[in-house]
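Engineer: So the sequences go chain by chain: S and V. Each residue of the first sequence is one higher than the last, beginning at 23 in the working numbering. Each residue of the second sequence is one higher than the last, beginning at 3 in the working numbering. Quick reminder that beta carbons are idealized off the backbone N, C-alpha and C, glycines included.
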Amino acid sequence: MSFIDVEQVSKSFRINKRSAGVAGMLMNLVAPKYEKKQAVKDISFQIEKGEMVGFIGPNGAGKSTTIKMLSGILYPDSGKISVNGYIPYKQRKEYVARIGVVFGQKSQLQWDLPVIDSFELLKAIYSIKEDVYKKNLNRFVDMLDMGGFVNQPVRQLSLGQRMRADIVAALLHSPEIVFFDEPTIGVDVLGKETIREFIRELNAQDQVTMLFTTHDMQDIEKTCNRLIIIDKGSKMYDGSLQSIREKYGTERRLIVELNQEEELEGIEGVTIDNLENRKKSLSFDNNQVNINDLMNNLLQKYSIRDLTVSEPEIESIIQKMYNGEV
Amino acid sequence: MNTKKNTLSLAWVYTKMIFHSWFQYRVNAVLASLAVFCREATGILVIYFTLLKFDVLNGWNMYELLFLYSLLFVTYGILIIFFTGLRDFWRIVRNGTFDRFILRPRGLLFQLIFANADWFAAVGHGGLGITLFIISAGRVGIVWNFQTIAYYIAAIIGGVLIQGAIFLFLATLNIYLLETGSIKELFYYNGRKFAGYPISIYHKGIQFFMIYIVPFAFVNYFPAQFLLRKEDMMYYPDIYMYLTPVVGVVLYLLAYLFWRYSIRYYKSSGN
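1) Do we get a CB-CB distance below 8 angstroms when we pair Ile147/S with the residues of chain V?
2) Is it a yes or a no for the stretch 50-68 of chain S touching the stretch 30-37 of chain S, going by three-plus beta-carbon pairs under 8 angstroms?
3) Using the beta-carbon of each residue, which ones in chain S are nearer than 8 angstroms to Val48/V?
4) From this set, Asp90/V, Tyr65/V, Gln165/V and Tyr199/V, which residue's C-alpha is nearest Ile136/V's C-alpha?
5) Here's the rule: buried if 16 or more other CB atoms are within 10 angstroms of the residue's CB, otherwise exposed. What is Pro200/V?
6) Would you tell me roughly how many angstroms separate the C-alpha atoms of Ser72/V and Ala53/S, rounded to the nearest one?
7) Checking 8 angstroms against the spacing of the C-beta atoms, do Arg184/S and Ser100/S come in under that value?
8) So, does the stretch 256-265 of chain S touch the stretch 312-328 of chain S, judging by three or more C-beta pairs under 8 angstroms?
9) Determine, using beta carbons only, whether Gln165/V comes closer than 8 angstroms to chain S.
10) Measuring straight from C-alpha to C-alpha, what distance separates Leu256/V and Arg108/V?
11) Compute the Euclidean distance between the alpha carbons of Ile339/S and Ser86/S, then round it to the nearest angstrom.
12) For Lys55/S and chain V, any beta-carbon pair shorter than 8 angstroms?
13) Nearest CA to the CA of His127/V: which residue from Ala197/V, Gly79/V, Ile151/V and Phe224/V?
14) Just list the residues that DSSP pairs Tyr78/V with in beta bridges.
15) Would DSSP call Ala117/V helix, strand or coil?
16) Going residue by residue through the stretch 31-74 of chain S, where are the continuous alpha helix (DSSP H) segments of at least 4 residues, counting only ones entirely within it?
17) Taking buried to mean at least 16 other C-beta atoms within 10 Å of its own C-beta, is Met3/V buried or exposed?
18) From which residue to which residue does the alpha helix (DSSP H) around Val115/S run?
19) Tell me the rounded alpha-carbon separation between Gln227/S and Asp167/S.
20) If I measure Cβ to Cβ from Leu110/V and keep anything under 6 angstroms in the same chain, skipping five residues before and after, which residues do I get?
21) Which term fits Phe41/V, buried or exposed, when burial requires 16 or more other beta carbons within 10 angstroms of its beta carbon?
22) Check this for me: beta carbons of Leu131/S and Ala42/S, under 8 angstroms apart or not?
23) Between Lys58/S and Phe35/S, what straight-line distance do the alpha-carbon atoms span, to the nearest angstrom?
24) Kindly say whether Leu14/S, judged by its beta-carbon, lies nearer than 8 angstroms to any beta-carbon of chain V.
25) I think Thr174/V touches Phe260/V, with their Cβ atoms under 8 angstroms apart; what is that distance to the nearest whole Å?
26) Would Val15/V pass as an interface residue toward chain S - the criterion being a Cβ-Cβ separation below 8 angstroms?
27) For Val105/S, which residues in the same chain have their Cβ closer than 8 angstroms to its Cβ, ignoring the five residues on either side in sequence?
28) Counting Cβ pairs closer than 8 angstroms, one from the stretch 155-170 of chain V and one from the stretch 15-34 of chain V, do we hit at least three?
29) Can you tell me whether Thr236/S is helix, strand or coil according to DSSP?
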């Protein structure tokens, strides 16, 4: 059996549908109408110890619901979940002592108190031994460069600082598995990079199994080898990042900014569009056109001020899956 | 043994933390206690001046009424040290804190209780209760000996448990209904308002409500009767004067079982 085993899990919520106005309110009181919303539909996957897996999908795809079931907050309606031999929602206390969860949108730190006070509280909650606590704290504070603000009240921290502190808070008790739910949401580029770097290092050094959800494709590219795409509650894809790139995400766009106004000569397999301010957009298939050759070619022929390669967005990849452009 | 010590020390860490965060805003903390005290005391004063016209109410004089009131406030003061997390359960669910409690290897009720103790409102309510007690206790003819003091303490604990059970029951109901603010208003706060007077002045229906539905009568009326022995006790069985601790423990156990059974139906608040 795998370390994490999810078998045909489904979960739906009952949503109270209320019509507008006073009449609707009264009707709702007498005969409430409920609508069933299927959040997760028949999802199955296995994850091995030490793996780092990214869950990606648009908002409302069922990522958070899956994480909540895996971490034991929600009971699945049907299906089986087992993690390291535990059934999360049945053996709660034993299980949660071995996992860490970071909710990017909901801090677990004490708003009014210095960061370190929240850590001390967690030490008491998890009964972390003094030497383990000291060792973990020093290591993570060092890795995430938090020395400057660990004694500041949480309310004074920037979003990026708060997120780093929240990540450490979830790791102090040396969990075997860590769930990250949108760990980079709202964080600036530099902050995101620090967090990704940290996640990578932790996985490599400690063999901690990690699952994280995001809708930022970059997060996945910088950290995970394996990717699970969920949309509308169903699993759309489960496999390596490499192969999804090859299969679905072969279209690339190169944005070229020229130093002077001039027309580009036609290139085979490349669609050229004129954008504003001497900018051109070059779209092509990554499998047919070699991006290095294309760039070299352009740099030799034209005087170029700027070049950017844009990756396909997750939404467009999912759209392609639906359209059957596999 | 070890885990018990562990639990106690965690309760202590929580308590320290609550004080620590409140004292980040020292002036506000003191004012908050004072504000609660004044708000509630104003209510008492209004009743005081109204009742001056009556002299006695169903045989109860002013000091006896204040004594009846003091029981309500002393129990509420203790109540919100332990049960604020249950009173405000809907908010704790809604802001995602309850999800976090589930993710920590500790009892859920334990976390709800100790992470949410409202010590400053407790000082306000309890302080008013003690003030009323000091004003009235010496003037209502109670002989304070070992027996009456022991009874008083048992009645206070029972009264706290009865109200704690109501909060726990409403919190559990919240798991199913997601919104229980008006039910709490209807059953708990109305009951508490009625309990400010001897229940014998009310219509039979309200008396029934206060004894058997939301048993506030056991929080202050019957314990006060044990100590004061007013004439209107003849309408009720004598045994009721002794039942407060029993009612408290039984109700709390029932509410606890209901909670244990229902918690698996908990639905997270979502994002």
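Structural biologist: For this structure:
1) yes
2) Yes: the two stretches touch, three or more of their Cβ pairs being nearer than 8 angstroms.
3) Simply none; closest approach about 34 angstroms.
4) Tyr65/V
5) buried
6) 43 angstroms
7) no
8) No, the stretch 256-265 of chain S does not touch the stretch 312-328 of chain S.
9) no
10) Rounded to the nearest angstrom, the two C-alpha atoms are 22 angstroms apart.
11) 20 angstroms
12) It does not; no Cβ of chain V falls within 8 angstroms.
13) Gly79/V
14) Paired residue(s): none; Tyr78/V is not in a bridge.
15) coil
16) 43-52
17) Because the pLDDT of Met3/V is 45, which lies under 50, any placement of that residue in the model is unreliable, and the question is left without a value.
18) For the record, residue 115/S in the displayed sequence is Lys; it is not Val. Its alpha helix (DSSP H) spans residues Arg114 to Val118.
19) 18 angstroms
20) Phe103
21) Here residue 41/V turns out to be Arg, not Phe, going by the sequence shown. Exposed, by the Cβ-count rule.
22) no
23) 6 angstroms
24) The requested residue 14/S is not part of the displayed model; chain S covers only 23 to 348.
25) So it is a contact: roughly 5 angstroms between Cβ atoms.
26) yes
27) Phe25, Ile26, Asp27, Leu92, Tyr117, Ile121 and Ile199
28) no
29) It is a strand residue.
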